[in-house]
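Since the structure comes first, as structure tokens, the remarks are kept for the end.
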Amino acid sequence: MYRKVKTAMAVFGCVTAALILSIHSVSASAADGSTSPPVAEEIQDIESGGAARDPGMEESGTGSGTEEKTSGSGTEEKASGSGTEEKAANSGTEEKPRKAEELLGEIDWDEMAAANVNSYVNVRKKASTKSDIVGILQKGHAVKVVGTKGSWTKITSGKIKGYIKSKYLVFGKKARKKYMKNVGVTGTVTAKSLTIREKASKKADRLGSVKKGGQVTIVSIKDNWYKISYKKSSGYVAAKYITADKLQGAITVKAYRKMQKEEYGCSKGELDMLAAIIECEAGGEKRVGKVAVGAVVLNRVRSKRFPNTIARVIKQKGQFSPVGSGKFSRVLARGARKDCYEAARAALKGENPVGNALFFSAGRGKGRQIGNQHFY
Numbered sequence: 226m227y228r229k230v231k232t233a234m235a236v237f238g239c240v241t242a243a244l245i246l247s248i249h250s251v252s253a254s255a256a257d258g259s260t261s262p263p264v265a266e267e268i269q270d271i272e273s274g275g276a277a278r279d280p281g282m283e284e285s286g287t288g289s290g291t292e293e294k295t296s297g298s299g300t301e302e303k304a305s306g307s308g309t310e311e312k313a314a315n316s317g318t319e320e321k322p323r324k325a326e327e328l329l330g331e332i333d334w335d336e337m338a339a340a341n342v343n344s345y346v347n348v349r350k351k352a353s354t355k356s357d358i359v360g361i362l363q364k365g366h367a368v369k370v371v372g373t374k375g376s377w378t379k380i381t382s383g384k385i386k387g388y389i390k391s392k393y394l395v396f397g398k399k400a401r402k403k404y405m406k407n408v409g410v411t412g413t414v415t416a417k418s419l420t421i422r423e424k425a426s427k428k429a430d431r432l433g434s435v436k437k438g439g440q441v442t443i444v445s446i447k448d449n450w451y452k453i454s455y456k457k458s459s460g461y462v463a464a465k466y467i468t469a470d471k472l473q474g475a476i477t478v479k480a481y482r483k484m485q486k487e488e489y490g491c492s493k494g495e496l497d498m499l500a501a502i503i504e505c506e507a508g509g510e511k512r513v514g515k516v517a518v519g520a521v522v523l524n525r526v527r528s529k530r531f532p533n534t535i536a537r538v539i540k541q542k543g544q545f546s547p548v549g550s551g552k553f554s555r556v557l558a559r560g561a562r563k564d565c566y567e568a569a570r571a572a573l574k575g576e577n578p579v580g581n582a583l584f585f586s587a588g589r590g591k592g593r594q595i596g597n598q599h600f601y
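Shown next, in the form of structure tokens:
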């Protein structure tokens, strides 16, 4: 009996000791707050992307910690504020040139057409070659398309409305490309005399100047400067002294005549006629041979032996065989080649390799030989 009681008391003492040890352990854990969750929950937290992450860590990541420093007063703010980018913007070194085309305003080129000729095409009142000419559309210039009628395109351009043969036009994107290549963006000088500089800076070297009313071709826009075409190269002018011109379209016959006379000293279409006869008579010759034919025509205009206008000299009966054969009319209708126009302009400006010669003929003969022709 005594042994049983002693054994029971020993067991009771062990249990009591274990219980006391357990209580102390729990108390210690509660005191430092480090109770470990079950292993299964730890795995679950990892799989869910850390849904039970310490909120202190999250605040550090998205609040006032590293990211805030980057997007606040740190690196990014410096870059976008008073640092490198602002300095670059002020000095103009980072701003890319903008296209000059934006000066034309919004244009729906899908509704436009441009003259695909070497010189000009007529705008007629009705869809017929026998109809009155109400306007002139020069090479590359653009008009709005409002309809079609057979082989004709109905157009409108300012106050001019009429028809143009469709075969002499290009449309849509091709019209835009044609316009920008042949006409581009032009502007008129408003200052008394506008300086052209080598770079977009008042301190840049001076290349030349343009007088008030003069026209320039604008290539691009940079800050407050326009880059313009100048003597087979380019230069810069202050944008505030240039008024950008609107889209160049059809003009009246009267305006075209005036322009031709002011520029070349000849009446409407005479430049075109001179270029056409040069192509017919010297299309295969070198430049000097082309200019020579133009010079002969102009010598006749000045001579008392011949009519006193380019048109009458060329159309004088029995003088130029391409006129009688119909070749001249065909070339005139489609427009002469670019090189023949250049030769015609050169002759009109006084270039003359044949002296006072009034005649020329192919093959051997008297006078000065230029290429395959003799001038006398």
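Numbering follows the working numbering, with no gaps: position 100 of the sequence shown is 325. Built from N, CA and C at the ideal position, the CB exists for glycine as well. No experiment lies behind these values; they were computed from the predicted model shown.
* Asked: Skipping 5 residues on each side, what residues in its chain have a beta carbon closer than 6 Å to that of S586?
  -> H599
* S458 to R570, Cα distance in whole Å? -> 21 Å
* Would a C-beta distance cut-off of 8 Å place T381 and K369 closer than the cut-off? -> yes
* Taking V444 and K452 to be in contact with their CB atoms under 8 Å, please state how far apart those CB atoms are, rounded to whole angstroms. => 4 Å
* To do: Report all residues from its chain with a CB closer than 8 Å to the CB of E576; omit the five preceding and five following residues, and keep chain order.
  => V516 and A520
* Asked: Rounded to a whole number of angstroms, what is the C-alpha to C-alpha distance between I535 and G508?
  -> 19 Å
* **Bounding residues of the beta strand (DSSP E) (the contiguous stretch that carries S391)** => Taken as a continuous stretch (DSSP letters only), S391 belongs to no beta strand (DSSP E), as it is neither H nor E.
* Kindly provide the ranges of any alpha helix (DSSP H) runs that are 4 or more residues long and lie completely inside the segment 540 to 574, ordered along the chain. => 546 to 550, 552 to 559 and 563 to 573
* DSSP beta-bridge partners for H599? -> S586 and Q594
* Rounded straight-line distance, which links the Cα of V518 to that of E567 -> 13 Å
* Asked: With respect to the alpha helix (DSSP H) encompassing V518, which residues constitute its N-terminal and C-terminal limits?
  -> R512 to R527
* the segment 460 to 472 in contact with the segment 531 to 549 per 3-pair CB rule at 8 Å -> no
* **Presumed contact (8 Å Cβ cut-off) between K403 and A325, rounded CB distance** => Not really, about 16 Å apart at Cβ, beyond 8 Å.
* Cutoff 7 Å; reference K335; Cβ partners in own chain excluding five residues on either side -> The amino acid occupying residue 335 in the given sequence is Asp; Lys does not appear at that position. Once the five neighbours on either side are set aside, the close Cβ partners of D335 are G397.
* To do: Give a yes or no on contact between the segment 353 to 364 and the segment 417 to 434, applying the rule of three or more CB pairs nearer than 8 Å.
  => no
* How many Å lie between S454 and N524 at the Cα? -> 35 Å
* Asked: Residues bridged to T354 by DSSP?
  -> T354 is not bridged to any residue.
* Asked: What's the gap between the Cα of V410 and the Cα of G549?
  -> 41 Å
* May I ask which residues mark the beginning and end of the beta strand (DSSP E) holding K379? => W377 to S382
* To do: Could you pull the start and end residues of the alpha helix (DSSP H) that Y404 belongs to?
  => K398 to N407
* Select from R431, G412 and S434 the residue whose C-alpha is nearest the C-alpha of E327. => G412
* In whole angstroms, what separates the C-alpha of K591 from that of G580? -> 14 Å
* If you count every other CB in all the chains shown that lies within 10 Å of the CB of A480, and 16 or more means buried, which is it? -> exposed
* To do: Determine the contact status of I503 and F553, defining contact as a CB-CB distance below 8 Å.
  => no
* To do: Count the other C-beta atoms from every protein chain shown that fall within 10 angstroms of the C-beta of V371, then say buried if there are 16 or more, exposed otherwise.
  => exposed
* Where I502 falls: helix, strand or coil (DSSP) -> helix
* Tell me whether G551 is buried or exposed, calling it buried when 16 or more other Cβ atoms sit within 10 Å of its Cβ. => exposed
* Of the listed residues G560, T415, S391 and N341, nearest to A464 (C-alpha basis) -> T415
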